[in-house]
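J.: Please read through the structure below; I'll follow up with questions.
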Amino acid sequence: MTADFKTHYGPWALIAGGSEGIGLEFARRIAAAGINLLLLARRPEPLAAARKQLLSEYPVEVRTASLDLAEEALEETLAELTAELEIGLLVYNAGAMHGAALFHDDSLAKARQLVQLNCNGPVTLCYHLGGPMRERRRGGIILLSSMSGLTGGAYIATYTATKAFDIVFAEALWAELKPYGVNVLGLIAGATDTPAMTRSGIDMGEHAMRAEDVAKEGLAALEDGPLHIAGENNRLFASLLRTDDRRQSIEMMSQGAAGMYHLPYPIDIDD
Ligand SMILES: NC(=O)c1ccc[n+]([C@@H]2O[C@H](COP(=O)([O-])OP(=O)(O)OC[C@H]3O[C@@H](n4cnc5c(N)ncnc54)[C@H](OP(=O)(O)O)[C@@H]3O)[C@@H](O)[C@H]2O)c1
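Per my numbering, residue 420 is the first one in the sequence shown, and the count goes up by one each step.
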């Protein structure tokens, strides 16, 4: 990345979900461009490890804060954390689903938590950080979405819906902020090898992308929004999902989700 990158997106970047996986790979590349980092995640240990690693590799400042992006008080916490920082780049990475179940077999609390994390979180951060970017006439926002956001799917109902929200929200902000020199990108990832996915015991098949490749593609596509689908295989799958026959795309997504979590599809109603 060029010196222009730092001028346009510096001096600070906030990565929501920046302690590991795709978020940490974003952090590496952004730090390599000379931009300071504020990393957010829940668990303090991976955050501390990420900070140590980044400081040893790049001459930038790295701050961390342990918080839950799904918490009600996010707005106040964010205001405190960012009061003195000029944030020119926001990457909202947190938001994967862990485990899969039929909507009514899982708790309402879990579904609401995903809505908080994938809808309220991006809205809150984009509002408070994107406004100053618009005033400065420069900056960038990347919202991580998923192939699951392209169509609904059984076993992952709330996840697919919240990830669709992120796609449409990124598109709208792209249209609103582009005239002000602020680049917005909805980055659509498919199966990606991350620590979170490994912990969840998911079977991602042989085509999972590397987290570093997703981050690399995302940063390369930032100026060229509104959307980018990471990976050739995912772009191919997306073209199959882009059918007018929504029943067919829902079928494909449902089969995929069931396969990854070793669940029956068609749904076994005798279970
Ligand atoms: N991995 C895949 O196969 C895949 C596929 C499609 C799309 N994506 C998208 O890629 C993004 C990253 O996914 P991922 O697999 O790396 O898993 P993830 O569970 O979203 O974790 C990524 C980062 O976010 C943090 N995080 C998660 N929940 C958080 C919360 N409530 N509050 C604050 N921080 C939180 C994690 O640290 P803590 O756990 O310590 O909080 C970690 O640093 C997500 O938006 C996901 O939807 C991933």
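Note that the Cβ used here is the ideal one computed from N, Cα and C, for glycine as well.
Going straight from the alpha carbon of His523 to that of Val601, what length do you get?
T.: Taking the straight line from one Cα to the other gives about 40 Å.
J.: Residue range of the alpha helix (DSSP H) that His547 falls in?
T.: Taken as a continuous stretch (DSSP letters only), the alpha helix (DSSP H) holding His547 covers Gly540 to Arg555.
J.: When every heavy atom of ligand 1 is checked, does at least one fall within less than 7 Å of the C-beta of Asp487?
T.: The answer is yes for Asp487.
J.: Going by Cα to Cα distance, which pick from Gly540, Phe588 and Glu625 is closest to Asn652?
T.: Comparing Cα positions, the closest option is Glu625.
J.: Does at least one heavy atom of ligand 1 sit under 7 Å from the Cβ of Ser565?
T.: For ligand 1, at least one heavy atom lies less than 7 Å from the Cβ of Ser565.
J.: Closest to Ile699 by C-alpha separation, out of Leu655, Leu443, Tyr680 and Pro685, would be which residue?
T.: Only positions 420 to 690 of the chain appear in this structure, which leaves residue 699 out of reach.
J.: Rank Ile441, Ala528 and Tyr477 by C-alpha distance to the C-alpha of Ile454 and give the top, closest one.
T.: Looking at the Cα atoms, Tyr477 is the closest of the given residues.
J.: With a threshold of 16 other CB atoms inside 10 Å of the CB of Glu491, please say whether the residue is buried or exposed.
T.: With fewer than 16 other Cβ atoms within 10 Å, it is exposed.
J.: Beta-carbon separation of Gly550 and Leu488 under 8 Å?
T.: No, the pair does not count as a contact, with Cβ atoms beyond the cut-off.
J.: Assign Ile648 to one of two classes, buried (16 or more other C-beta atoms within 10 Å of its C-beta) or exposed (fewer than that).
T.: Answer is buried; the Cβ neighbour count reaches 16.
J.: Going by other Cβ atoms of all chains shown within 10 Å of its Cβ, with 16 needed for buried, is Glu439 buried or exposed?
T.: Flag for Glu439 reads buried.
J.: With the cut-off set at 8 Å, would you say Ile441 and Leu563 are in Cβ contact?
T.: Cβ distance < 8 Å, so Ile441 and Leu563 count as in contact.
J.: For the stretch 592-636, list the alpha helix (DSSP H) runs that are entirely contained and at least 4 residues long, ordered along the chain.
T.: Listed in chain order, they are 614-619.
J.: Roughly how many whole angstroms lie between the Cα atoms of Met552 and Ala630?
T.: When rounded, the distance between both Cα atoms is 27 Å.
J.: With DSSP collapsed to three states, give me the class of Thr662.
T.: In this structure, Thr662 counts as coil in the three-state DSSP scheme.
J.: Hey, how far is the Cα of Arg461 from the Cα of Ser485?
T.: The alpha-carbon atoms of Arg461 and Ser485 are separated by roughly 5 Å.
J.: Report the rounded CA-to-CA distance for Arg448 versus Leu456, giving the unit in angstroms.
T.: Approximately 11 Å, taken between the alpha carbons.
J.: Using DSSP with H/G/I as helix, E/B as strand and the rest coil, what is Ser475?
T.: Helix at Ser475.
J.: When you compare the CB positions of Leu473 and Ala452, do they come within less than 8 Å of one another, or not?
T.: Going by C-beta atoms, Leu473 is not nearer than 8 Å to Ala452.
J.: Please classify Arg618 as buried or exposed, where buried requires at least 16 other C-beta atoms within 10 Å of its C-beta.
T.: By the 10 Å Cβ count, Arg618 comes out exposed.
J.: According to DSSP, what are the bridge partners of Ile506?
T.: Paired residues: Trp431.
J.: Just to confirm my understanding: we take Asn512, look at its own chain, exclude 5 residues before and 5 after, and list those with CB closer than 7 Å. What are they?
T.: Taken in chain order, the residues that qualify are Ile434, Ala435, Gly436, Gly437, Ile441, Gly442, Phe445 and Leu563.
J.: Does DSSP put Ala460 in a helix, a strand or coil?
T.: Three-state result, Ala460: strand.
J.: Measure the beta-carbon distance from Leu660 to Met671 and round it to whole angstroms, keeping in mind my assumption that it falls under 8 Å.
T.: The Cβ separation is near 6 Å, so the contact holds.
J.: So is Ile688 buried or exposed if we call it buried at 16+ other beta carbons inside 10 Å?
T.: Per the 10 Å Cβ criterion, exposed.
J.: Inspect the beta-carbon positions of Ala519 and Ile575 and report whether they are closer than 8 Å.
T.: A contact, by the Cβ cut-off of 8 Å.
J.: Among residues of its own chain, excluding the 5 on either side of Thr611, which ones have a beta-carbon nearer than 7 Å to its beta-carbon?
T.: The answer, listed in chain order, is Ile441, Ala627, Met628, Ala630 and Val633.
J.: Terminal residues of the continuous beta strand (DSSP E) containing Gly558?
T.: Gly558 -> beta strand (DSSP E) spans Gly558 to Ser565.
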